[in-house]
Amino acid sequence: MPATPRTTSSPQPGNPSLRAYDGGLLLLRLVLGLTVAAHGAQKLFGWFGGGGIEGTGQFFEMSGYPSGEAMAVVAGLSEILGGLGLALGLLTPLAGAAVFGTLVNAVAVKWGGGFFAPEGVEYEVLLAAGAAALALTGPGRIAVDRFLPWLRAHRLAYGVAAVALGAVSAGLVLLIRN
Numbered sequence: 090m091p092a093t094p095r096t097t098s099s100p101q102p103g104n105p106s107l108r109a110y111d112g113g114l115l116l117l118r119l120v121l122g123l124t125v126a127a128h129g130a131q132k133l134f135g136w137f138g139g140g141g142i143e144g145t146g147q148f149f150e151m152s153g154y155p156s157g158e159a160m161a162v163v164a165g166l167s168e169i170l171g172g173l174g175l176a177l178g179l180l181t182p183l184a185g186a187a188v189f190g191t192l193v194n195a196v197a198v199k200w201g202g203g204f205f206a207p208e209g210v211e212y213e214v215l216l217a218a219g220a221a222a223l224a225l226t227g228p229g230r231i232a233v234d235r236f237l238p239w240l241r242a243h244r245l246a247y248g249v250a251a252v253a254l255g256a257v258s259a260g261l262v263l264l265i266r267n
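Just add 89 to wherever you are in the sequence shown, counting from 1, and you've got our numbering.
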């Protein structure tokens with residue numbers, strides 16, 4: 090008789106603990122999501138030493154984006170809503186796509202400084218990869234998505250479609266950059 094997968098969280102020899110997965114995903118979602126949301130608050134509200142819409146808009150224009158203030162609002166909203174969505178585990182594939190797409194643009198802006206700090210892109214690459222990973226894996230069981238019938242059982246196809254959406258959106262925004 091073939092073995093059936095266990096759906097409980099009690100660890101068995103050779104079986105991973107689902108609680109461990111859920112706890113790890115929750116920690117990753119909270120740290121990554123709240124970090125990205127704080128960056129969005131810097132852009133939109135000038136909190137945490139940020140430039141606000143005006144200062145961030147000037148930075149975007151110097152970086153080659155048209156309509157700097159409008160781009161600052163788009164980036165800020167993507168980071169706040171995407172980051173909070175990841176932290177809560179709410180619409181996780183779309184939240185991951187929003188963060189991923191925004192960070193692809195951040196990597197493109199900083200690319201000339203190499204990979205490592207202080208001018209490098211390793212921080213942005215790490216956040217982008219974490220957001221994509223969460224879109225692909227789903228939020229775990231300690232998440233708001235667990236209460237949404239169509240997302241309760243996360244499917245890899247949702248994550249793949251979301252990461253593709255984030256990549257295409259990022260590419261379109263990069264096309265309008267000088």
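Heads up, the beta-carbon is just placed ideally off N, CA and C, and yes, glycines get one too.
Keep in mind that this is a model prediction, so the values were computed, not measured.
**Message:** By the DSSP assignment, the alpha helix (DSSP H) with Phe269 in it spans what residues?
**Reply:** This structure cannot speak to residue 269, because the chain is shown only from 90 to 267.
**Request:** Taking Ala176 and Leu123 to be in contact with their CB atoms under 8 Å, please state how far apart those CB atoms are, rounded to whole angstroms.
**Result:** Taking 8 Å as the upper bound for CB-CB distance, Ala176 and Leu123 are in contact here, some 5 Å apart.
**Request:** Report the option in Gly139, Glu150, Leu180, Ser152 whose CA atom is closest to the CA atom of Gly165.
**Result:** Nearest option by C-alpha distance: Gly139.
**Message:** Would you call the region 225 to 236 in contact with the region 149 to 166, where contact means no fewer than 3 C-beta pairs closer than 8 Å?
**Reply:** As far as the Cβ criterion goes, the region 225 to 236 does not touch the region 149 to 166, which means the pair count is below three.
**Request:** Closer than 8 Å by C-beta to Tyr110: which residues in its own chain qualify, once you throw out the five before and the five after it? Chain order, please.
**Result:** Correct list, in chain order: Gly229.
**Message:** Suppose you measure from the CA of Ala184 to the CA of Gly219; what does that come to, to the nearest Å?
**Reply:** Straight through space, the alpha carbons of Gly219 and Ala184 are spaced by roughly 12 Å.
**Item:** Burial state of Asn194 (16 or more Cβ within 10 Å)
**Value:** The residue in question, Asn194, is buried, as its Cβ has 16 or more Cβ neighbours within 10 Å.
**Message:** Tyr212 and Ala206 - do their beta-carbons sit closer together than 9 Å?
**Reply:** A contact, by the Cβ cut-off of 9 Å.
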